[in-house]
Amino acid sequence: MIRDFIYLKANTAGEALDLIDKHKEDYKVICGGQSLLILMRQGLVAPEYLIDIKNVNELNYIRFDKKDGLRIGATTTHRAVESSPLVLEAYPVLVNMEENLASIQTRNWGTIGGNLCHGDPAGDPGPVFIALNGSVKIGSKGKTRTLFLEDFFVDYFETALEEGELLLEVHLPPIPPRTALAYEKFNIIKNDQGFVSLAAAITLENDGLVCKDARIVLGAAAPTPMRIREAERLLIGKKLSKSLLEKAGEKASEEADPVADVHASEEYRRHLVRSLTKKMVNKAWEEAKTLAK
Amino acid sequence: MEKQLLRITVNNEHHELYIKPKKLLVEVLRDELGLTGTKRGCNTGACCACTVLLNGKTVKSCSVLAIQADGCEIRTVEGLASGAELTPLQRSFLDHGAYQCGFCTSGMLISATALLSENPTPTLDQIKEGLHGNLCRCTGYNSIIRAVRAVGEDKYEEGSK
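Chains H and W are the protein sequences, given in the same order. Under our numbering, the first residue of the first sequence is numbered 1, with each subsequent residue one higher. Under our numbering, the first residue of the second sequence is numbered 294, with each subsequent residue one higher.
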């Protein structure tokens with residue numbers, strides 16, 4: 001049963017920031033509410049003021065520029081990202097990620113900003129955005145700041161957003177040359193949350209053999225989306241090979257910090273981390289090779 | 294808690310009513326407007342039985358605050374047929390026995406209507422993709438998919454019996 005709240009609707013980002021500032025003591029921001037309403041129905045979240053930004057159209061946009069990269073406004077729906085020809089052309093991994101995210105109904109109403117602010121370590125966009133070296137623009141009354149997405153997630157369902165702050169935009173820089181990305185989650189029911197998910201970005205040197213950069217990000221295997229840096233370090237500067245991937249998988253499963261729950265034991269999750277690391281790095285590597293030619 | 298004005302168009306009919314802001318869209322449709330064709334299944338956003346069209350796009354009416362739909366156009370299963378004349382999809386559902394208990398049907402019809410309006414000739418995989426969120430607790434998926442496929446293959450014309 002959802003507890004009563006005072007509903008306030010913002011029509012612009014400025015109005016939203018004013019309302020948030022005014023009701024700092026006990027508010028929650030709702031956009032699509034696809035995660036928030038579940039928590040409110042369970043009584044886990046019961047704000048006095050609910051500030052609605054669903055109609056803030058100035059934050060509903062997808063912009064792409066070859067030099068600047070991709071900018072997605074916070075109130076942009078998942079479905080808009082999924083069906084954007086711009087995104088498909090420049091960041092196809094995002095389309096693939098969206099097509100496997102929940103149901104069409106959820107993607108039609110749920111938003112990118114809401115997904116990130118929910119701070120669920122099993123969320124899909126987080127790991128992919130981090131693999132893409134993404135950042136977020138955060139606004140508060142009279143101020144904005146930017147933060148790498150890597151630093152945005154703080155703990156289970158907790159983000160770096162402070163009281164009075166609103167997430168405004170996600171920015172993804174252009175994908176470096178000879179770089180390919182892969183993302184996959186392991187689940188039993190298609191489009192469910194992953195027991196473990198993994199995004200990998202592999203950049204090759206000019207020679208098409210040596211790994212210049214690697215960003216490997218886990219979902220649902222730690223309190224936040226997590227870069228597995230030791231596994232990345234194993235790959236960077238080396239010629240990639242099956243045996244190296246084997247070692248990276250091993251390292252990744254040690255680095256992960258998963259919990260046991262009804263879906264999977266800790267041991268099982270570590271096993272999934274190992275196999276997804278090998279599989280996704282291999283997939284990105286194979287694709288990067290074709291780009292290096 | 295103070296009620297707030299909700300202005301909403303449902304199946305081309307305009308309504309103005311006062312509701313508590315915590316009311317879900319499914320509650321307003323069923324309890325306030327008496328449109329019980331939309332079913333409340335799991336009430337946790339998992340089954341999509343309560344799917345309606347909001348400004349032409351499918352949403353789960355159990356997962357949308359009604360007040361957030363202020364000024365929007367809603368289409369429910371009651372708004373598919375015009376009078377006694379069923380849509381091609383509805384006729385195909387009848388012919389293919391795409392019902393068992395019928396509880397998922399209104400959500401299935403709405404999702405399939407949205408699918409066919411975006412893509413009038415979907416492939417088998419596209420149909421499965423388009424209906425993926427809608428659960429049928431009788432597991433009658435095959436007949437549902439056949440029914441949608443028949444419409445996509447033009448076996449049902451608008452307006453014919």
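Quick reminder that beta carbons are idealized off the backbone N, C-alpha and C, glycines included.
Please tell me whether H/I2 has its Cβ less than 8 Å away from any Cβ of chain W.
yes
Leaving aside the five residues before and after H/L132 along the sequence, list all residues of the same chain whose C-beta is less than 6 Å from its C-beta, in chain order. L172
Using beta carbons (cut-off 8 Å, strictly below), is W/P415 in contact with chain H?
no
ask   = Does the beta carbon of W/Q297 sit closer than 8 Å to a beta carbon anywhere in chain H?
value = yes
Requested in this report: Indicate whether at least one CB of chain W lies closer than 8 Å to the CB of H/K190.
Outcome: yes
> In angstroms, rounded to a whole number, what distance separates the CA positions of H/L304 and H/V45?
Replying inline: The structure shown does not extend to residue 304 of chain H, since chain H is modelled only from 1 through 293, so no value can be given for it.
Exercise. DSSP on W/C343, reduced to helix/strand/coil?
Worked result: coil
Using a Cβ-Cβ distance under 8 Å, would W/V357 count as near chain H?
yes
Q | Sequence-distant residues of its chain with Cβ nearer than 8 Å to H/V128 (five each side left out) | A | V93, L94, M97, L181, Y183, A199 and V217
- Task: Determine the DSSP secondary structure at H/G73, reduced to helix, strand or coil.
- Result: strand
*Quick one: list the residues of chain H neighbouring W/T337, beta-carbon separation under 8 Å, in chain order.*
I38 and R41
Cβ-based burial, H/V154 [other Cβ within 10 Å; buried from 16]: exposed
Original post:
According to the Cβ coordinates, are H/L166 and H/V29 closer than 8 Å?
Top reply: yes
* Asked: Going by C-alpha distance, which of H/I202, H/K141, H/L272 and H/I188 is nearest H/L19?
  -> H/K141
Query raised in the report: Going by other Cβ atoms of all chains shown within 10 Å of its Cβ, with 16 needed for buried, is H/Q105 buried or exposed?
Result: buried
- Message: Do H/G113 and H/L17 count as a contact pair if the criterion is CB distance below 8 Å?
- Response: no
| Proximal residues to W/I308 (C-beta, below 7 Å), its chain only, five neighbours per side dropped | Per the sequence presented here, residue 308 of chain W reads as His, with Ile not at that position. I301 and L326, listed in sequence order.
If the cut is a Cβ gap below 7 Å, which residues of chain H does W/I275 touch? Only positions 294 to 454 of chain W appear in the structure, and residue 275 of chain W is not among them; the question remains open.
Of all the options W/L379, W/V352 and W/E320, which has the alpha carbon lying nearest to the alpha carbon of H/T111? W/V352
Quick test of the definition: if touching needs 3 or more C-beta pairs under 8 Å, does the segment 318 to 333 of chain W touch the segment 375 to 391 of chain W? no
Checklist entry - For H/K54, which residues in chain W fall below 8 Å Cβ to Cβ? => result Q361
Could you tell me the alpha carbon to alpha carbon distance between H/A292 and W/T406, rounded to whole angstroms? 45 Å
Exercise. For H/F157, name the three-state secondary structure that DSSP assigns.
Key: coil
Does the contact criterion of 3 or more C-beta pairs under 8 Å hold for the segment 61 to 70 of chain H versus the segment 147 to 163 of chain H? no
I'd like to check one pair, H/A231 with H/A248: are the Cβ atoms closer than 8 Å? yes
(message) I'd like to know whether the C-beta of H/I175 is nearer than 8 Å to at least one C-beta of chain W.
(response) no
Check your understanding: Under 8 Å between C-beta atoms, does W/T398 make it to chain H?
Key -> no
Does W/G330 come within less than 8 Å of chain H when only Cβ atoms are used?
no
Listed by chain order, chain H residues near W/V352 by CB distance under 8 Å: Q105, N108 and W109
Are the C-beta atoms of W/P314 and some chain H residue less than 8 Å apart? yes
**Report entry** Whether H/N55 touches H/G73 by CB criterion (8 Å)
**Finding:** no
Distance cutoff 8 Å, beta carbons only. Does W/G423 sit that close to anything in chain B? The structure shown has no chain B; the protein chains it does contain are H and W.
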